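Visitor:
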Amino acid sequence: MIRVYISQKREIKVGDKVAGRHGNKGIISKILPRQDMPYLQDGRPVDMVFNPLGVHSRMNVGQLFECSLGLAGSLLDRHYRIAPFDERYEQEASRKLVFSELYQAIGTTTIGGTIPKPEDALESFRLLVRELRSLALELNHFLVSEKNFQINRKEA
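What the sequence shown shows, in the working numbering, is residues 388 to 543, in sequence order.
(1) With V485 and L456 assumed to form a contact (beta carbons below 8 angstroms), what rounded beta-carbon distance in angstroms separates them?
(2) If the criterion is Cβ atoms closer than 8 angstroms, does the pair G407 and I415 meet it?
(3) Could you tell me the alpha carbon to alpha carbon distance between I393 and S481, rounded to whole angstroms?
(4) Span of the beta strand (DSSP E) holding G413?
(5) Strictly by DSSP, which residues pair up with Y490?
(6) Please work out which residues of its chain come closer than 7 angstroms, Cβ to Cβ, to H466, disregarding the five sequence neighbours upstream and downstream, and give them in chain order.
(7) For E453, count neighbouring C-beta atoms within 10 Å of its own C-beta (all shown protein chains included) and say buried if the count is 16 or more, exposed if not.
(8) Nearest to Q491 by alpha carbon, out of E479, F437, L458?
(9) Tell me whether L462 is buried or exposed, calling it buried when 16 or more other Cβ atoms sit within 10 Å of its Cβ.
(10) Quick one: what's got a C-beta closer than 8 angstroms to R390's C-beta in the same chain, skipping five residues either side?
(11) Given that a residue counts as buried once 16 or more other Cβ atoms are within 10 Å of its Cβ, and exposed if not, what is L419?
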């Protein structure tokens, strides 16, 4: 079996659609310079801001687990690679992993203090987001070009 991966690097722009692995998706509505973005208590700016209503209204429990694991990973300086549908190995495997990592992160020094219990953890998380390729602009450009081509062909 031969696998070929094709990647195209593109700058994100207003109107592009982004999506996570849990069905959460949205459209880029505004792009700000880094200095104008909201920032964390330690001064680091955030990369992207989501509407929090998109989590519970769509029952994206997996998104909460991913965010919590991202928080624990950033506090413990660890990276995780999780297979999808890991519940097939054990009931509530995701939940057990997330809680065990969060409890290991208790007492970790963060921004001049410590986290005494998980409920007091920072309210910023890491979440994997991918760009969905929106072809609307490219299709519109193609249709306009095709229309102009047909007009020019008829005139000739």
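Cβ atoms here follow ideal geometry from the backbone N, Cα and C, with glycine treated the same way. Since the structure is predicted, the reported quantities are computational estimates derived from the model, not experimental observations.
Guide: Result, derived from the coordinates:
(1) Indexing the sequence shown from 1 puts residue 485 at position 98. Indexing the sequence shown from 1 puts residue 456 at position 69. Sure, about 5 angstroms apart at Cβ, within 8 angstroms.
(2) Counting from one through the sequence shown, the residue named residue 407 turns up at place 20. Counting from one through the sequence shown, the residue named residue 415 turns up at place 28. The answer is no: Cβ separation not under 8 angstroms.
(3) One-based indexing of the sequence shown puts residue 393 at position 6. One-based indexing of the sequence shown puts residue 481 at position 94. Going from the Cα of I393 to the Cα of S481 covers about 31 angstroms.
(4) The residue labelled residue 413 in the question sits at position 26 within the sequence shown. Segment 412 to 414, the beta strand (DSSP E) holding G413.
(5) Start at 1 with the first residue of the sequence shown, and residue 490 comes out as number 103. Answer is none; Y490 lacks a bridge partner.
(6) Within the sequence shown, residue 466 is the residue found at index 79, counting from 1. Here the set comprises G460.
(7) Counting from 1 along the sequence shown, the entry for residue 453 is found at position 66. E453 comes out buried.
(8) As a first step, residue 491 must be located in the sequence shown, where it is residue number 104. The residue with the shortest Cα to Cα distance from Q491 is L458.
(9) Position 75 of the sequence shown, counted from the first residue, corresponds to residue 462. The residue is buried, with at least 16 neighbouring Cβ atoms inside 10 Å.
(10) Locating residue 390 in the sequence shown gives position 3, where the first residue counts as 1. Cβ within range, chain order: n/a, list empty.
(11) Residue numbering aside, residue 419 sits at position 32 when the sequence shown is read from its first letter. When all chains shown are included, L419 counts as exposed.
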